[in-house]
Amino acid sequence: MTRLGRSSPLRCRPVLVAALVGALSCGAPALCFGADGVDAHNDGHGQANAPSSVELAAIGRKMFFDASLSASGRLACAGCHDPKYAYGPAPGHSIPNGGPKMDLPGTRAVPSLRYLQSIPPFAEQYHFIDGDVGPGGGLTWDGRAPTLHEQASLPLLAANEMANGSPDAVVKRLALTGYAREFRAAFGADVFEHPGTAFTDAMQALEAFQHQPAEFFPYSSKYDAFLRGTADLTEQEERGVALFKDPKKGNCSSCHLSTTRNGVPPTFTDYDYMNAGIPRNPRIAANADSRYYDAGLIGPSRTDLAARKEYCGFFRAPTLRNVALRDAFFHNGALHSLREVVQFYVDRDLHPEKWYPRDADGKVRQFDDLPPDCPRNIDKDPPLDRNPGDRPALSDDEIDDLVAFLRTLTDGYSTEEASAAR
Ligand code: HEC
Ligand code: HEC
Numbered sequence: 205m206t207r208l209g210r211s212s213p214l215r216c217r218p219v220l221v222a223a224l225v226g227a228l229s230c231g232a233p234a235l236c237f238g239a240d241g242v243d244a245h246n247d248g249h250g251q252a253n254a255p256s257s258v259e260l261a262a263i264g265r266k267m268f269f270d271a272s273l274s275a276s277g278r279l280a281c282a283g284c285h286d287p288k289y290a291y292g293p294a295p296g297h298s299i300p301n302g303g304p305k306m307d308l309p310g311t312r313a314v315p316s317l318r319y320l321q322s323i324p325p326f327a328e329q330y331h332f333i334d335g336d337v338g339p340g341g342g343l344t345w346d347g348r349a350p351t352l353h354e355q356a357s358l359p360l361l362a363a364n365e366m367a368n369g370s371p372d373a374v375v376k377r378l379a380l381t382g383y384a385r386e387f388r389a390a391f392g393a394d395v396f397e398h399p400g401t402a403f404t405d406a407m408q409a410l411e412a413f414q415h416q417p418a419e420f421f422p423y424s425s426k427y428d429a430f431l432r433g434t435a436d437l438t439e440q441e442e443r444g445v446a447l448f449k450d451p452k453k454g455n456c457s458s459c460h461l462s463t464t465r466n467g468v469p470p471t472f473t474d475y476d477y478m479n480a481g482i483p484r485n486p487r488i489a490a491n492a493d494s495r496y497y498d499a500g501l502i503g504p505s506r507t508d509l510a511a512r513k514e515y516c517g518f519f520r521a522p523t524l525r526n527v528a529l530r531d532a533f534f535h536n537g538a539l540h541s542l543r544e545v546v547q548f549y550v551d552r553d554l555h556p557e558k559w560y561p562r563d564a565d566g567k568v569r570q571f572d573d574l575p576p577d578c579p580r581n582i583d584k585d586p587p588l589d590r591n592p593g594d595r596p597a598l599s600d601d602e603i604d605d606l607v608a609f610l611r612t613l614t615d616g617y618s619t620e621e622a623s624a625a626r
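If you count the sequence shown from 1, you need to add 204 to reach this note's numbering.
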């Protein structure tokens, strides 16, 4: 794979906490929790027991669905991450507005929040399963949030999302909610008098909610049932999975990992970064300014790697689980059907005129969403390795087969299966 990070000098993990907008750091021991969000809670203010992860998750769930935590009073986490769509966007809402008056547009597609439970923090020298080393891991499309609790502060404070001016503002709103009493019972009677700690406690609760298996990693798709031996794939789906894995055809599984490892079903991502050269999306309001570019790892959302031009346009590979529930694909939501996505992988360089606009002189402006000073770092991994005149990696029928397989990755099949058997 083309991983430019391979040649960069060995470093430790970048200072990610500093890259978080308005982030909290896990500096004080009272702010640091074990992986399950329970172990290291030090109440420090007259509370007998640390809350259990079940209590934390129950509070986190209420927060997640609570629009009163936003400056507009109208936007909850769930307003963008809809549980009916695997905690991704509802149709037509892939790049929603937010802000105090709900009129400030977003700049990226809303991802699904499923299957994020084991994403490691971002590292420039991430060791991939295939032996390569390069940028990998981290939450958000540019990996700038190392953990779910650090991520949770981003939308709460972002001016165009939930738009709280500060962590203290979030805590003030929390203290007015119907579940403030549960919050006090969990974290101490005087918790709201210590807004710094209360904010961190709140972020831990949101994280604990997102660690609930039934909601966030149910492994209940048809493909999971197939892996467990309780469902058969159709012939078309079987052809699709073979194409997905075949290095000479789809080659998809080289990045969207598809095998069970150590008993854990596949996540369909290796958390790798690449510049896929996705076309510019004119529906993103910021793109009306021709000088504006979202260049992923090098900014503007992320700031610590701004000088590393070799990472221009690098975005993290998302999971493909539940991808059939989406109506906008890639970091900027520029493509609108799964068939279109697979077609793009097949003929981005064979028929660029299908994907990119033309200049005034009629010349196709390929890779129109990359800043002019971006180095030539476009990913050329198969099937993106073709040149004009080459044979496409997949025929039209094979594209259909691949899409049929991707549709088997939608959760909820085994529940249907179980109720049908009843
Ligand atoms: C206005 C819509 C909006 C709201 C409200 C919102 N999010 Fe998001 N969320 C997004 C977008 C867009 C991204 C991608 C951000 C990026 O790449 O910079 C995202 C990314 C994430 C991610 C990272 C997913 C990944 O694949 O790495 C998590 C986790 C998350 N949000 C959780 C939350 C939580 C918890 C809340 C409430 C506190 C919330 N979001 C509120 C739009 C929203
Ligand atoms: C070299 C690694 C690599 C290969 C090979 C690859 N992908 Fe991806 N995939 C990515 C990355 C990285 C992204 C995100 C790119 C972006 O948004 O800029 C992505 C995004 C996607 C998305 C969009 C998902 C979403 O939530 O928006 C789909 C669907 C997808 N890939 C399917 C496939 C299929 C099908 C194949 C095989 C034909 C494939 N990919 C091959 C790395 C890869």
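All C-beta atoms in this analysis are idealised placements derived from N, C-alpha and C, irrespective of residue type, glycine included.
Keep in mind the model is a prediction, meaning the values are calculated, not measured.
Taking 8 Å as the cut-off, is the beta-carbon of Trp345 closer than that to any non-hydrogen atom of ligand 2? Taking the first residue of the sequence shown as 1, we reach residue 345 at position 141. Indeed, a heavy atom of ligand 2 lies less than 8 Å from the Cβ.
Helix or strand or just coil, what does DSSP make of Gly392? Taking the first residue of the sequence shown as position 1, residue 392 is located at position 188. In this structure, Gly392 counts as coil in the three-state DSSP scheme.
So, Leu352 versus Leu320, is the Cβ gap smaller than 9 Å? Counting from 1 along the sequence shown, the entry for residue 352 is found at position 148. Counting from 1 along the sequence shown, the entry for residue 320 is found at position 116. Going by C-beta atoms, Leu352 is nearer than 9 Å to Leu320.
Measuring only from the beta carbon, is Asn455 closer than 8 Å to any heavy atom that is part of ligand 2? For this step, residue 455 is matched to residue 251 along the sequence shown. Yes, ligand 2 has a heavy atom inside 8 Å of this Cβ.
Which runs of the alpha helix (DSSP H) at least 4 residues long sit entirely within the segment 381–434? Give them in chain order. 384–391, 399–414, 417–420, 426–432
Buried or exposed: where does His331 fall if 16 or more other Cβ atoms within 10 Å of its Cβ makes it buried? Taking the sequence shown and counting its residues from 1, the one referred to as residue 331 is at position 127. Flag for His331 reads exposed.
Just the Cα atoms here: how many angstroms apart are Phe548 and Pro556? Your numbering for residue 548 matches position 344 in the sequence shown. Your numbering for residue 556 matches position 352 in the sequence shown. Each residue's alpha carbon lies about 9 Å from the other.
If you draw a straight line from the C-alpha of Leu343 to the C-alpha of Leu378, how long is it? In the sequence shown, the residue the question calls residue 343 occupies position 139. In the sequence shown, the residue the question calls residue 378 occupies position 174. Straight-line Cα distance between these residues: approximately 25 Å.
Assigned secondary structure, His331 (DSSP; H/G/I helix, E/B strand, else coil): Taking the first residue of the sequence shown as 1, we reach residue 331 at position 127. Residue state, collapsed to three classes: strand.
Between Val314 and Gly292, is the Cβ-Cβ spacing less than 9 Å? Position 110 of the sequence shown, counted from the first residue, corresponds to residue 314. Position 88 of the sequence shown, counted from the first residue, corresponds to residue 292. Yes, Cβ-Cβ distance for Val314 and Gly292 is below 9 Å.
Which of helix, strand or coil does DSSP assign to Asp493? Indexing the sequence shown from 1 puts residue 493 at position 289. Correct three-state label for Asp493: coil.
First and last residue of the uninterrupted alpha helix (DSSP H) at Gly264: Taking the first residue of the sequence shown as position 1, residue 264 is located at position 60. 257–268 is the extent of the alpha helix (DSSP H) around Gly264.
Report yes if the C-beta distance between Gly462 and Pro586 is below 9 Å; otherwise report no. Walking along the sequence shown from the start, residue 462 turns up at place 258. Walking along the sequence shown from the start, residue 586 turns up at place 382. It should be pointed out that residue 462 corresponds to Ser in this sequence rather than to Gly. Result no, Cβ atoms of Ser462 and Pro586 do not sit closer than 9 Å.
Residue from Glu514, Leu606, Arg487, Val550 whose Cα sits closest to the Cα of Arg312: For the purposes of this step, residue 312 is identified with residue 108 of the sequence shown, where counting begins at 1. Of Glu514, Leu606, Arg487, Val550, the residue nearest in Cα terms is Arg487.
Under 8 Å from any heavy atom of ligand 1, does the C-beta of Gln414 make it? In the sequence shown, counting from the first residue as 1, residue 414 sits at position 210. At least one heavy atom of ligand 1 is nearer than 8 Å to the Cβ of Gln414, so yes.
Could you check the C-alpha separation between Phe268 and Val568 for me, to the nearest Å? Along the sequence shown, one-based indexing puts residue 268 at 64. Along the sequence shown, one-based indexing puts residue 568 at 364. Computed Cα separation, rounded: 44 Å.
Would you mind reading off the limits of the beta strand (DSSP E) that contains Tyr337? Working through the sequence shown from its first residue, we reach residue 337 at position 133. What sits at residue 337 in the sequence shown is Val, not Tyr. Val337 -> beta strand (DSSP E) spans 337–340.
Neighbour-count burial assignment, Ala393, 16 or more Cβ in a 10 Å radius: By 1-based counting over the sequence shown, the position of residue 393 is 189. Burial call: exposed.
Start and end of the alpha helix (DSSP H) containing Tyr560? On the sequence shown, position 356 is the one that residue 560 refers to. Counting along the chain, Tyr560 falls outside any alpha helix (DSSP H), and DSSP gives it neither H nor E.
Inspect the CB distances between the segment 498–516 and the segment 406–421 and report whether three or more fall short of 8 Å. no
Could you compute how far the alpha carbon of His398 sits from the alpha carbon of Gly444? Taking the first residue of the sequence shown as position 1, residue 398 is located at position 194. Taking the first residue of the sequence shown as position 1, residue 444 is located at position 240. Taking the straight line from one Cα to the other gives about 55 Å.
8 Å contact criterion, which Met366 and Ala294 should meet: CB distance rounded: By 1-based counting over the sequence shown, the position of residue 366 is 162. By 1-based counting over the sequence shown, the position of residue 294 is 90. Going by Cβ atoms, the distance from Met366 to Ala294 rounds to 18 Å, so no, they are not a contact pair.
In the DSSP assignment, what are the bridge partners of Val568? As a first step, residue 568 must be located in the sequence shown, where it is residue number 364. Val568 is bridged to Arg562.
Quick one: what's got a C-beta closer than 7 Å to Cys281's C-beta in the same chain, skipping five residues either side? The residue you call residue 281 lines up with position 77 of the sequence shown. Taken in chain order, the residues that qualify are Phe268, Pro359.
Does the segment 482–498 come close enough to the segment 529–537 to have 3 or more Cβ pairs within less than 8 Å? yes
In this structure, does DSSP put Arg520 in helix, strand or coil? Counting from 1 along the sequence shown, the entry for residue 520 is found at position 316. The answer is strand: DSSP assigns Arg520 an E or B state.
How big is the Cα-Cα spacing for Asp346 and Pro300? The count along the sequence shown starts at 1 and reaches residue 346 at position 142. The count along the sequence shown starts at 1 and reaches residue 300 at position 96. When rounded, the distance between both Cα atoms is 19 Å.
Nonlocal neighbours in the same chain, by C-beta distance under 6 Å from Cys456, ignoring five residues either side: On the sequence shown, residue 456 is found 252 positions in, with the first residue counted as 1. If we look at Cys456 and ignore the five residues flanking it on each side, its Cβ neighbours are Phe448.
Quick check: the Cα distance between Met306 and Ala373, rounded to an integer number of angstroms? The count along the sequence shown starts at 1 and reaches residue 306 at position 102. The count along the sequence shown starts at 1 and reaches residue 373 at position 169. When rounded, the distance between both Cα atoms is 18 Å.
Who does Tyr475 pair with in a DSSP beta bridge? Reading the sequence shown from its first residue, position 271 is the one you call residue 475. Answer is none; Tyr475 lacks a bridge partner.
Same chain, Cβ closer than 8 Å to Met407, five either side skipped, listed in chain order: As a working mapping, residue 407 is identified with position 203 in the sequence shown. Taken in chain order, the residues that qualify are Leu228, His353, Glu354, Ala356, Ser357.
Does DSSP put Gly467 in a helix, in a strand, or in coil? Against the sequence shown, residue 467 aligns to sequence position 263. Here Gly467 sits in coil by DSSP.
Grouping DSSP H, G and I as helix and E and B as strand, with all else coil, what is Pro359? Locating residue 359 in the sequence shown gives position 155, where the first residue counts as 1. DSSP places Pro359 in helix when its eight states are reduced to three.
Cβ pair Ile518, Asn581 closer than 9 Å: Translated into positions along the sequence shown, residue 518 becomes position 314. Translated into positions along the sequence shown, residue 581 becomes position 377. For the sequence presented, residue 518 should be read as Phe rather than Ile. Result yes, Cβ atoms of Phe518 and Asn581 sit closer than 9 Å.
Using C-beta distances below 7 Å, list every residue in its chain close to Arg388, excluding the 5 sequence neighbours before and after it, in chain order. Reading the sequence shown from its first residue, position 184 is the one you call residue 388. Contacts found: Val395.
Keeping to the same chain, check which residues put their C-beta closer than 7 Å to that of Ala363; ignore five residues upstream and five downstream. Numbered from its first residue, the sequence shown carries residue 363 at position 159. For Ala363, where only same-chain residues beyond five positions count, the Cβ hits under 7 Å are Gly303, Leu308.
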